[in-house]
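Shown next, in structure tokens, is the structure this report addresses.
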Amino acid sequence: MSYPTNQTMIEAPEGSILDVVARQWATQQSAVVPVRSTVRVGGSTLIPVAIDNGNDALKGATLAPLASEEEGSLTSSLTTLRVPTAFAQAQAIQGAREVSYSCDGTSFWIGDVALRHRGGALRIGPTRQRLDDDRQRWFIGASIVELLRAAGYPPGEYQIALCLAVPNMEVIVDQSGMPSVKERTRESMKRHLKGKVWEITRDDDSRVTEQWIIKVAHVLPFAQTSGTVVAVTRTPTGKPALHLDDGMVVIDVGGGDLHVCEVGFNPSRMINRRPGDGTIRIARALRNDVKFNGIIKNDVEAQQALVRRWVTKSSRRVTIDEDVQRVVAASGQSMLADVLADLRDSNLFVTITGGGVQLLNGLLTEVLAQEEKQAGRDYLIVDGPVSSLLNVVGALFALVFKASGK
20 MSYPTNQTMI EAPEGSILDV VARQWATQQS AVVPVRSTVR VGGSTLIPVA
70 IDNGNDALKG ATLAPLASEE EGSLTSSLTT LRVPTAFAQA QAIQGAREVS
120 YSCDGTSFWI GDVALRHRGG ALRIGPTRQR LDDDRQRWFI GASIVELLRA
170 AGYPPGEYQI ALCLAVPNME VIVDQSGMPS VKERTRESMK RHLKGKVWEI
220 TRDDDSRVTE QWIIKVAHVL PFAQTSGTVV AVTRTPTGKP ALHLDDGMVV
270 IDVGGGDLHV CEVGFNPSRM INRRPGDGTI RIARALRNDV KFNGIIKNDV
320 EAQQALVRRW VTKSSRRVTI DEDVQRVVAA SGQSMLADVL ADLRDSNLFV
370 TITGGGVQLL NGLLTEVLAQ EEKQAGRDYL IVDGPVSSLL NVVGALFALV
420 FKASGK
């Protein structure tokens, strides 16, 4: 299944990428979009892949031809993936195997499997610091393998065009309105990603070993928030879906950070602020609760406990719905105040998104119902699983548009 099962309907701009994707997911369907599953860059045909390597999880998105369509068809299926940013050295297991990977002579686990084996969180910080870590690069390569598998691609050798969503602070806009990334970010991507070849072996309980070779033929950096702007204002074919004269404010309630970004259209500009931590402030409140001493051991486990609403105790899954509701009600108030302050102060259309929206939604909708500003006219709340995937979905389509000259 290549789509989330609990997406709700969203009053998004009609025909926008957000509208098309959320509407199909809400009706329990894969998101089918009217674009080719490949892009042409420099004379090569490549599979488009976008990743947003967040503090709590890597989000990925790609396109694949429909099973009923021939390759090159103008219709394709969107596949997304979320992998917790956890990593652990793989150990020999007798009996049922866990999904493990091998790259550059190292065997490892990632995501949920790593968490089950007390894996640690990967390095956070600027793109340069992350990519300098071998484990981070192995994690990205293995996550791309899982993304391609989820999209229906068989094991083999693939050339991809990779769009990497980078922190807004690493993007600069020159006087002519052209965006680019800072020199250190550009150098790091050139050194670690451009021309990168991952040779990855994947093993699981089926006892079938898969060989994957992923070649990065093209790399496109893209500001994380710009992915949301693309998904809200453009259709899957690149046409305008929302007409705004001046720009948009995006409030992104992420795992590590609460970001506020004012994006101007004419002229092009970007103003970024970080009012505070994202959902990590709630996750740490849960982790520090005496009830979870020795159970939740690090930030990445705490973040996943918020999402799953259960923890493992004495080999049993224990539901923690009431505990999550309690810490959200207490620790979420400061985050809610930050969101409301920016919404009230802005004269621009505001989009509120990010994985934290799902945690805050009960509080958020209740408070916003009492505000003078109106949903749809003055602001948009992106709820459900698409809220944490919107940046990467928009980045994927930005890559498609860039390759086609739109």
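Heads up: the sequence shown begins at 20 in this note's numbering, then just goes up one per residue.
Don't be surprised by glycine CBs; every beta carbon is placed ideally from N, CA and C.
Selection from the options that minimises the alpha carbon distance to residue i
| i | options | result |
| --- | --- | --- |
| Trp44 | Leu418, Leu415 and Val405 | Val405 |
| Gly351 | Gln377, Gly61, Val337 and Ser333 | Gln377 |
| Arg327 | Ile191, Glu189 and Ile339 | Ile339 |
| Ala140 | Val164, Gly73, Glu206 and Arg203 | Gly73 |
| Gly274 | Glu320, Ser225, Gln178 and Ala242 | Glu320 |
| Thr94 | Thr64, Ala50 and Gly124 | Ala50 |
| Lys332 | Thr220, Phe284 and Lys316 | Lys316 |
| Arg396 | Leu362, Val386, Ala86 and Gly424 | Leu362 |
| Val346 | Arg59, Thr372, Phe311 and Val337 | Phe311 |
| Ile129 | Ala109, Thr146 and Asp123 | Ala109 |
Same chain only: Cβ atoms within 7 Å of residue i, ignoring 5 sequence neighbours per side
| i | result |
| --- | --- |
| Asp357 | Leu277, Pro294 and Gly295 |
| Pro174 | Glu229, Gln230 and Trp231 |
| Arg156 | Leu150 and His211 |
| Thr256 | Pro53 and Val54 |
| Tyr172 | Ala83 |
| Arg288 | Val192 |
| Leu261 | Pro32, Ser35, Val251 and Thr252 |
In DSSP terms, what residue i is bridged to
| i | result |
| --- | --- |
| Ile232 | Glu176 and Glu218 |
| Asp271 | His278 and Thr372 |
| Val238 | Leu181 |
| Ile66 | Ile179 |
| Asp71 | Lys78 and Ala184 |
| Ala105 | Ala140 |
| Phe127 | Gln108 and Tyr120 |
| Ala250 | The partner list for Ala250 (beta bridge, DSSP) is empty, contrary to what the question assumes. |
| Ala394 | Tyr398 |
| Arg288 | Gly283 |
| Gly424 | Partner(s): none; Gly424 has no beta bridge. |
| Ser96 | Val51 and Ala83 |
| Gly266 | Gly283 |
Proximal residues to residue i (C-beta, below 8 Å), its chain only, five neighbours per side dropped
| i | result |
| --- | --- |
| Arg28 | The identity of residue 28 in the sequence shown is Met, whereas the question assumes Arg. Cβ within range, chain order: Ala41, Arg42 and Ala45. |
| Ala349 | Ala304 |
| Gln148 | Arg142 |
Nearest-angstrom beta carbon gap, residue j and residue i [assumed within contact, 8 Å]
| i | j | result |
| --- | --- | --- |
| Thr99 | Ala80 | 5 Å |
| Leu77 | Thr104 | 6 Å |
| Ala184 | Phe241 | 6 Å |
| Leu325 | Ile301 | 6 Å |
| Phe368 | Tyr398 | 7 Å |
Sequence-distant residues of the same chain with beta carbon closer than 6 Å to residue i, five excluded per side
| i | result |
| --- | --- |
| Lys215 | Val235 |
| Val269 | Thr244, Thr247, Cys280 and Thr370 |
| Pro198 | Val190 and Val192 |
| Ser407 | Gly374 |
| Ala417 | Phe241 and Val249 |
CB contact check: residue i to chain D, cutoff 9 Å
| i | result |
| --- | --- |
| Asp296 | No chain D appears in this structure, which consists of one protein chain only. |
> Which residue spans inside the stretch 141-214 form an unbroken beta strand (DSSP E) run of at least 3?
Replying inline: 176-185, 190-192 and 198-200
> What residue ranges within the stretch 291-336 form continuous alpha helix (DSSP H) runs of no fewer than 4 residues, ordered along the chain?
Replying inline: 299-306 and 318-327
> Counting only runs that start and end within the stretch 334-367, where is the alpha helix (DSSP H) found for 4 or more residues in a row?
Replying inline: 340-364
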